[in-house]
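Below, the structure written as structure tokens:
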């Protein structure tokens, strides 16, 4: 669920895509093409513009599964006319519990941080714009005692007051105070000089600075204060804790720091997560001593040893100097601060199927080890400190057990891509490797789908007509030659190859009366076949473009989104094979990582 200021409706018919990315960009795009000017986009006709023969081979449906959901909801009535207006409010929400509704104190929505002063326990519940507080360390799946950022456990509206938050990030606390929360979307740190005691209690003050943009991480030992500025790639450090809105003593940037995230420190060494170090790698920067000057660069950089291609690590130090860092799939433990990137963990705990992500964390308090699972939407807890690789947690907080993800069981979708056809609503998610289907357009908040499809791949894109549906993602394209109904599985599955093409990273799919299109981001190509291709069938048209992602076609226009080029290109379908020129919409400075351009 997104905060109010991001709740916008483009209509299911527009099949727009909404997301909240780790880099801090969220957006929706609707394009209606009326005319365009050519820019000479290159294309190479690989074959005559003629249909391919269709394959009658039985598809390999390994990993495909559909299940019926017990649900009941009113169907939306036809008859709405007209277009949308800027700032228009949505009528209802499906992926969530309703506008300004959380679902309760123990239903998290992508928690981003945990912290403790040894007595209290805190959880930053990012998408719910709140921080949950337990007065004593939880020993089971017990509800928090009060909440900051909201008046109660039911609401989640963001705001800019001292009693409000907008996507809170890392929480830092010391015994007796202060308590510091990175209020990310408000570009500030919220500070309570003494530990708060009641729901909605406002911060004593907010710390803001022109160099503090989109702060994700915060750390304090009660004397010093540090924060990360994701935008601009900066680390801000105050040598003495500011009593008001004071400027930092040090601002560090450079050395390849990209989009810094969370902070771990024992007061001596200093570790900072980075989602885009050197603009390419995720991992952590290590300073063996806390920076004393703006020219003191990090000593080394290392990625998650359990999964080098995943995100950065986040965690804590123990009183005896051990370092615990949670990665994407494992808990990494060093018996002492690593002195170089070559120093591997002394223990890697994999006895639980951890689901880390952009908000991992570890707290060791009261003899227990609390591990935050961002993508699992829960906290896994050990009675004690894990001592062997096979150690399994003892209980979960925020879920009835250690396997349940309450977002999935409540059909809250991450990276939702919708499409409407034949009076039905389809929503695909690459993150969840799932497609959900409503047999009618629902007209009720939080209406659960009628069918859920579990898939062996993550669908980045969906295309639907009144007669067919296709999903595309990674090296797979799955096609229903008739719209799914009653849990029917795909009729055609392309895995690895499609016609004469090797699929590398399918990010877009579209269907119209003339062509079947697939965009391959890694190959830098958009392929168009005259119909669904059989083995060896070459595309009728191949467009060569930088990083094409999602596609849309209404039979007259083809829209090709180039997310990382900040651009959408519009082609006339009728002349695609003979004169494939495009109008360019957007561009750097106009669009910022557009996700989907839709023609209708």
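In the working numbering, the protein residues as written are 18 to 617. Built from N, CA and C at the ideal position, the CB exists for glycine as well. Remember, it's a predicted structure, so these values are computed and weren't measured experimentally.
Item	Value
Residue 267: first and last residue of the uninterrupted beta strand (DSSP E) it sits in	267–270
Integer-rounded CB distance, given that residue 576 should sit under 8 Å from residue 615	7 Å
Residue burial classification, residue 606 (beta-carbon count within 10 angstroms, cutoff 16)	exposed
Complete beta strand (DSSP E) runs within the segment 65–115 (minimum length 3 residues, chain order)	82–85
Straight-line Cα distance separating residue 145 from residue 126	6 Å
Residue 85 versus 69, 503 and 308, residue with shortest Cα-Cα distance	503
Unbroken beta strand (DSSP E) run spanning residue 245, endpoints	242–246
Beta bridge counterpart(s) of residue 133 as assigned by DSSP	138
Local conformation of residue 616 per DSSP, three classes	coil
Coarse secondary structure for residue 591, derived from DSSP in three states	helix
Residue 185 to residue 466 span [Cα, whole Å]	30 Å
At least 3 beta-carbon pairs within less than 8 Å: the segment 103–110 vs the segment 401–416	no
Residue nearest to residue 469 in terms of C-alpha spacing, selected from 427, 585, 234 and 389	427
Bounding residues of the alpha helix (DSSP H) (the contiguous stretch that carries residue 10)	Residue 10 lies beyond the range of the chain shown here (18 to 617); nothing can be said about it.
Residue 215 - DSSP class collapsed to helix/strand/coil	coil
Residue 496 beta carbon less than 9 Å from that of residue 508	yes
Residue 174 at chain D interface by Cβ criterion, 9 Å	Of the protein chains in the structure, only one exists, and it is not chain D.
Start-to-end residues for the beta strand (DSSP E) that takes in residue 561	558–561
Local Cβ density within 10 Å of residue 320, reported as buried at 16 or more and exposed below that	buried
Residue 532 (DSSP reduced to helix, strand or coil)	coil
Exposure label - residue 538; buried when at least 16 CB within 10 Å	buried
Given residue 407 as reference, the closest of 367, 396 and 416 once Cα atoms are compared	367
CB-CB length for residue 480 against residue 436, believed under 8 Å	7 Å
Proximal residues to residue 134 (C-beta, below 8 Å), its chain only, five neighbours per side dropped	190, 191, 192, 193 and 212
Residue 296 to residue 205 span [Cα, whole Å]	24 Å
Cβ-based neighbour list, residue 182, same chain, cut-off 6 Å, excluding 5 preceding and 5 following	146, 166 and 200
Residue 248 versus residue 284: straight-line alpha-carbon distance, rounded	25 Å
Rounded separation between residue 363 and residue 334 - CA only	14 Å
8 Å CB neighbourhood of residue 60 in its chain, flanking five on each side removed	In this predicted model, residue 60 has a pLDDT of only 41, less than 50, meaning its place in the structure is not dependable enough to derive any value.
Inter-residue spacing [alpha-carbon to alpha-carbon] between residue 678 and residue 307	There is no way to answer for residue 678, as the model of the chain reaches only from 18 to 617.
Coil, strand or helix - residue 581 by DSSP	helix
Element boundaries [beta strand (DSSP E), containing residue 277]	277–282
Through-space distance from residue 228 to residue 270, alpha-carbon basis	11 Å
Cα-Cα separation between residue 417 and residue 219, rounded to whole angstroms	32 Å
Inter-residue Cα distance where the pair is residue 311 and residue 173	38 Å
Buried versus exposed, by CB contacts within 10 Å (16 or more), residue 203	buried
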